[in-house]
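Please read the structure below before turning to the comments.
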Amino acid sequence: MAFRWLNGGVTNEVYTPLTLPPKKKGMARYGVIGSPIAHSLSPVMQLAGWEKLGVQAEYFRIEIPAGGLEGAVPQLLRAGLDGWNCTLPHKGEMFRFSEVRSPSALQAQSVNTVQVIQGKIHGSSTDAEGWSRAMREIWPDSVPPKRTLLLGCGGVGQTIARFLASIGCTTLTLINRDSQRAEKLYGELTQLGGNRFPLHVLDWNMPNLRLALSESDLLIQATSLGLKDEDPLPIPIELLNPPLQVYDTIYRKGETSLVRVARQRGCQAEDGLGMLLHQGALSLEIWSGQPAPLSTMRQALYQAAGRDL
Ligand SMILES: NC(=O)c1ccc[n+]([C@@H]2O[C@H](COP(=O)([O-])OP(=O)(O)OC[C@H]3O[C@@H](n4cnc5c(N)ncnc54)[C@H](OP(=O)(O)O)[C@@H]3O)[C@@H](O)[C@H]2O)c1
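Under my numbering, the first residue of the sequence shown carries the number 50, and numbering increases by one thereafter.
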């Protein structure tokens, strides 16, 4: 069954804070801010959720360029938004703009969910819990993870790493293209409690990838490699061997190249669509104060992404 919001209920229109239409009386108003934002599947999933909850709500894609938050936040407030999701490149900066920070935001040092309460910006991060729920759904015993290689120490990699430092895992190895970024995270995790389990940091090269993967049960792919068709695989095919489990935080229509080749090699592998679903469902719970209608949101999201349920 096709959802109404796929048949014209949700357009692909992209707004700026200044081109948003006047707020409709009695409608809750949300959106997702980022750059680029045209591809975002969040409106489909969030509108499905609000409709199932019986709440009249709007949810817009709002393009805000990097560095543009300072001017944009007052405009979003004036446009009557009750909250918004933040995606690349705004999560770190939104943390700094949040007047009230939830424990999840403080742990992640990043904000992907804003709730406006009496004109004040309350920031939370649902990324780590969304990742954790997605992992447990596909691999029930996978959180806390066993021996883990985290490839990519950008925003999402740091958020997952800080979460792992709080819940623990058997071992955690960090590898990032820019080794200084990985070293910085390593230092921070050591302070956060990463010394409760063996924590390693390695430079990104073939011998280190081979070594780290040979000693890992789980690979978390948290670089942006795989978003574009022309991107190389982040890991050489021959290093992907069962029983390694591969979680690619990237999602796109169809499977990512990493997930495809990992499965061809006999590894269990999943992409980040489940993480997107669960972080979005947690955002809706923050805004609505009600349990999210997960199966409705999943059906809408997976249908929009061209996936089977
Ligand atoms: N599934 C979900 O719900 C969800 C949520 C958030 C993000 N994501 C995905 O996660 C990806 C990363 O997001 P982010 O917020 O962490 O972005 P980010 O802060 O810009 O970090 C990008 C990461 O990718 C690495 N990278 C970029 N180009 C590379 C290349 N050519 N070779 C090797 N490494 C490269 C960067 O390494 P350097 O430090 O060396 O630049 C950095 O580790 C996004 O593309 C997004 O699709 C998914």
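Backbone N, C-alpha and C define an ideal beta-carbon position, used for all residues, glycine too.
Since this is a predicted model, take the numbers as computed values, not measurements.
I need the DSSP call for residue i, collapsed to helix, strand or coil.
{"i": "Arg301", "result": "coil"}
{"i": "Asn225", "result": "strand"}
{"i": "Ser327", "result": "Per the sequence presented here, residue 327 reads as His, with Ser not at that position. The answer is helix: DSSP assigns His327 an H, G or I state."}
{"i": "Thr68", "result": "coil"}
{"i": "Val160", "result": "coil"}
{"i": "Ile335", "result": "helix"}
{"i": "Leu274", "result": "coil"}
{"i": "Ser265", "result": "coil"}
{"i": "Asn134", "result": "strand"}
{"i": "Arg185", "result": "helix"}
{"i": "Glu100", "result": "helix"}
{"i": "Glu319", "result": "strand"}
{"i": "Val192", "result": "coil"}
{"i": "Arg347", "result": "helix"}
{"i": "Arg150", "result": "strand"}
Which partner residues of residue i appear in the DSSP bridge assignment?
{"i": "His249", "result": "Thr222"}
{"i": "Leu199", "result": "Leu223, Ile269"}
{"i": "Phe109", "result": "Gly80"}
{"i": "Gln313", "result": "Partner(s): none; Gln313 has no beta bridge."}
{"i": "Ile170", "result": "Val165"}
Among the options, which one has its Cα closest to the Cα of residue i?
{"i": "Ser84", "options": "Pro281, His139, Gly129", "result": "His139"}
{"i": "Glu100", "options": "Met346, Thr239, Leu213", "result": "Met346"}
{"i": "Tyr108", "options": "Leu102, His88, Leu130, Ala121", "result": "Leu130"}
{"i": "Ser306", "options": "Pro281, Cys316, Ala330, His327", "result": "Pro281"}
{"i": "Ala115", "options": "Leu350, Cys135, Asp176", "result": "Cys135"}
{"i": "Leu90", "options": "Ile269, Ser191, Leu322", "result": "Leu322"}
{"i": "Leu199", "options": "Arg230, Pro189, Arg182, Trp188", "result": "Arg230"}
{"i": "Gly338", "options": "Tyr300, Gly98, Lys72, Pro66", "result": "Gly98"}
{"i": "Asn290", "options": "Leu262, Cys202, Lys72, Gly355", "result": "Leu262"}
{"i": "Glu287", "options": "Met76, Ile111, Gly179, Val310", "result": "Val310"}
{"i": "Gln167", "options": "Asp320, Gly132, Gln105, Ala183", "result": "Gly132"}
{"i": "Met143", "options": "Gly117, Arg127, Ala128", "result": "Gly117"}
{"i": "Val81", "options": "Gly75, Leu69, Glu279", "result": "Leu69"}
{"i": "Pro123", "options": "Pro66, Gln348, Val93, Trp188", "result": "Pro66"}
{"i": "Arg301", "options": "Gly315, Arg314, Ile224, Glu319", "result": "Glu319"}
Here's a check: name, in chain order, each residue in its chain whose Cβ is nearer than 8 Å to the Cβ of residue i, leaving out the five neighbours to either side.
{"i": "Ser147", "result": "Ala154, Val160, Val163, Ile170, His171, Gly172"}
{"i": "Glu232", "result": "Val250"}
{"i": "Phe246", "result": "Gly217, Cys218, Thr219, Thr220, Leu221"}
{"i": "Met255", "result": "Pro285"}
{"i": "Ala359", "result": "Since the displayed the chain opens at 50 and closes at 358, residue 359 lies outside it and no answer follows."}
{"i": "Leu260", "result": "Leu251"}
Among the residues of its own chain, which have a CB less than 6 Å from the CB of residue i, if the five just before and after it don't count?
{"i": "Pro193", "result": "Ile216, Gly217, Cys218"}
{"i": "Ala87", "result": "Val63"}
{"i": "Lys195", "result": "Thr219, Asp266"}
{"i": "Ala330", "result": "Ala341, Leu343, Met346"}
{"i": "Arg226", "result": "Trp253"}
{"i": "Val308", "result": "Asp297, Ala318, Asp320"}
{"i": "Leu137", "result": "Gly83"}
{"i": "Pro120", "result": "According to the sequence shown, residue 120 is Gly rather than Pro. No residues qualify anywhere along the chain."}
With a threshold of 7 Å on Cβ separation, who are the neighbours of residue i within its own chain once the five nearest residues in sequence on each side are excluded?
{"i": "Leu248", "result": "Leu221, Tyr235, Leu238, Thr239"}
{"i": "Glu264", "result": "Arg196"}
{"i": "Ala157", "result": "Ser174, Asp176, Ala177, Thr208, Arg211"}
{"i": "Arg53", "result": "With a pLDDT of only 42 at Arg53, under 50, the local geometry of the prediction cannot be trusted, and the value read off the model is given with reservation. No residues qualify anywhere along the chain."}
{"i": "Glu186", "result": "Gly323"}
Would you call residue i buried or exposed, if buried means 16 or more other Cβ atoms sit within 10 Å of its Cβ?
{"i": "Val149", "result": "exposed"}
{"i": "Arg145", "result": "exposed"}
{"i": "Pro152", "result": "exposed"}
{"i": "Leu258", "result": "buried"}
{"i": "Thr298", "result": "buried"}
{"i": "Leu274", "result": "buried"}
{"i": "Leu326", "result": "buried"}
{"i": "Pro71", "result": "exposed"}
{"i": "Pro292", "result": "exposed"}
With 8 Å set as the bound, which would you pick, yes or no: does the beta-carbon of residue i sit closer than that to a beta-carbon of chain D?
{"i": "Leu118", "result": "Here chain D cannot be found, since the structure has a single protein chain."}
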